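Okay, so here's the structure we're looking at.
Residue numbers (the numbering used here): 557 to 741.
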């Protein structure tokens, strides 16, 4: 009788341990995958919505669905100049900001995509083979693309495989969204 109870207890404890291991692992992996899939799905949905608005405006300028405001701006205390393009819908809700900076041997494009639950920041740096003013030698040798997500006041590197790595705000290599929003009023 005692042996039966010990075997039964051992079986129950083993079952609980196996269940915790299996379900705990599945739950953890599923939540990570779901989190990754939701982020990518929201980015895809945002891009499709933006493309629809932009395309609709291009097709019928008399009934523009998107407002585009372009400003000449200075960054880094006047060391870099470029353009800031603000995209908003008919209700003046901003959808996207784009910064274009031009250097002697490279150019930088930074996009701020204002998704529903987070901000996706994408930066592309194109490095030229020579000074861009040298005719015939303005080929792009290589480029770098970096992405970040700002979510609940936290900043994450958004890697190509969808992995998120939290970083400090100070480690973000581009202006924060509030700095960009303040440019041009």
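Cβ coordinates follow ideal geometry from the N, Cα and C atoms, glycine included. Every value quoted in this text rests on a predicted model; they were computed, and no experiment measured them.
The beta carbon of residue 707 lies closer than 6 Å to those of 674 in the same chain, with the five residues before and after it left out. Secondary structure at residue 644: strand, using DSSP grouped into helix, strand and coil. Straight through space, the alpha carbons of residue 638 and residue 653 are spaced by roughly 13 Å.
Taken through DSSP and simplified to helix, strand or coil, residue 722 comes out as strand.
Your pair residue 623 and residue 649 does not check out as a contact, with CB atoms roughly 10 Å apart and the cut at 8 Å. In the DSSP annotation of this structure, the continuous segment of the beta strand (DSSP E) that includes residue 628 starts and ends at 622 to 631. The DSSP-derived three-state label of residue 660 is coil. Among the bridge pairs identified by DSSP, residue 601 is matched with none.
The Cβ atoms of residue 729 and residue 702 sit closer than 8 Å to each other.
The Cβ atoms of residue 723 and residue 736 do not sit closer than 8 Å to each other. By a beta-carbon distance limit of 8 Å, residue 663 contacts residue 656. Their separation comes to about 7 Å.
Take residue 681, set aside five residues on each side of it, and the residues of its chain with a beta-carbon closer than 7 Å to its own are 662, 664, 699 and 700, in chain order. About 23 Å separates the Cβ atoms of residue 683 and residue 676, ruling out a contact at the 8 Å cut-off. The C-beta distance from residue 651 to residue 740 rounds to 16 Å, too long to fall under 8 Å, and the pair is not in contact. Its Cα nearest to that of residue 609, the residue 646 stands out among 646, 625, 658 and 726. Of 641, 732 and 705, the smallest CA-CA separation from residue 721 is found for 705. In the DSSP annotation of this structure, the continuous segment of the beta strand (DSSP E) that includes residue 696 starts and ends at 696 to 707. Secondary structure at residue 736: helix, using DSSP grouped into helix, strand and coil.
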